[in-house]
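Visitor: A single structure is presented below for examination.
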Amino acid sequence: MCKGYNKLDFDLLTCVLYLSTLFLASVESSGNKKDMSYKCKTNKKTRQEKYTIVTAKVKHNGEYQCKSHSSDRSEAVRPAVSDELFSKPGISVYMWYLYEGDHMTITCDTKLSPHRETTELQFVFYRNGHNVQGFSLSNQYGVPSAQLEDSGNYTCEVQTPTGSVRKTSDSKNIQIK
């Protein structure tokens, strides 16, 4: 028999197990569901059991090990599950100094969760709280010939197509000289 151990929430785990000295772990997702699977195998390849946490959550993060009746515990694995669909966005500008007439490109950077890399995000840009580019799939806002009035505090907002998850960047002051 092989047992899974989680130092944080042992009592919250439901499972399938694999007997062994070899311990494998993976986090898989399908749709909105994340499953963590752990496999323990004997060197003799006689019996395997699988330990699965269905719809894994952050509370399931911790240290997991395998142990059989005839072996020591395996090396610990520490899988990480994040509920975050994408990170807080940040504003960046291609050039250090911008002068009147320069092309200005502002980028709204965010990182999607590895399990949700195919999710489309929408981006919107604001200057001094006023919308300068409505929601689009582009994470860039461009001004072909920047003018003094393009100076100001810029923020961007990122959302899912349904608007169910929405995050706003910190403000970045951009001055045209």
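Read in order, the letters of the sequence shown correspond to residues -29 to -1, 1 to 148 in mature numbering (1 follows the signal peptide of the UniProt record, and there is no 0). Positions of the beta carbon are idealized from the N, C-alpha and C atoms, including for glycine. Small disclaimer: the values here were computed from a predicted structure and weren't measured.
Shortest alpha-carbon distance to C127 belongs to which of I62, S116, E55, T76?
Guide: To locate residue 127, count along the sequence shown from 1; it is residue 156. Among I62, S116, E55, T76, the Cα nearest to that of C127 belongs to I62.
Visitor: Alpha carbon to alpha carbon, how far is Y112 from T76? Give it in angstroms, no decimals.
Guide: Within the sequence shown, the letter at position 105 stands for residue 76. Within the sequence shown, the letter at position 141 stands for residue 112. Cα-Cα distance, rounded: 6 Å.
Visitor: Give me the residue from S140, P132, S116, Q130 with the minimum Cα distance to E71.
Guide: Against the sequence shown, residue 71 aligns to sequence position 100. Among S140, P132, S116, Q130, the Cα nearest to that of E71 belongs to S116.
Visitor: Is the beta carbon of D80 less than 9 Å from the beta carbon of N32?
Guide: Counted from its first residue, the sequence shown places residue 80 at position 109. Counted from its first residue, the sequence shown places residue 32 at position 61. The answer is no: Cβ separation not under 9 Å.
Visitor: Taking the alpha-carbon of S140 as reference, which of T133, P85, P60, L56 has the nearest alpha-carbon?
Guide: Taking the first residue of the sequence shown as 1, we reach residue 140 at position 169. If we check each option's Cα against that of S140, P60 comes out closest.
Visitor: What is the DSSP secondary structure of D80, reduced to helix, strand or coil?
Guide: Position 109 of the sequence shown, counted from the first residue, corresponds to residue 80. Three-state DSSP puts D80 in a strand.
Visitor: Taking the alpha carbon of V103 as the reference point, which residue from E34, D121, E91, S84 has its own alpha carbon closest?
Guide: Mapped onto the sequence shown, residue 103 falls at position 132. Comparing Cα-Cα distances from V103 to each of E34, D121, E91, S84, the minimum goes to D121.
Visitor: Beta-carbon within less than 8 Å of V136's beta-carbon, same chain only, minus the 5 sequence neighbours each way: which residues are those?
Guide: Numbered from its first residue, the sequence shown carries residue 136 at position 165. Cβ neighbours of V136 beyond the five flanking positions: L56, F57, Q130.
Visitor: When DSSP builds the beta bridges, which residues end up paired with Y112?
Guide: Against the sequence shown, residue 112 aligns to sequence position 141. Looking at the DSSP assignment, Y112 forms a beta bridge with I77.
Visitor: When the Cα atoms are used, what is the spatial distance from Y65 to Y125?
Guide: For the purposes of this step, residue 65 is taken as the residue at position 94 of the sequence shown. For the purposes of this step, residue 125 is taken as the residue at position 154 of the sequence shown. Cα to Cα, the separation comes out at about 14 Å.
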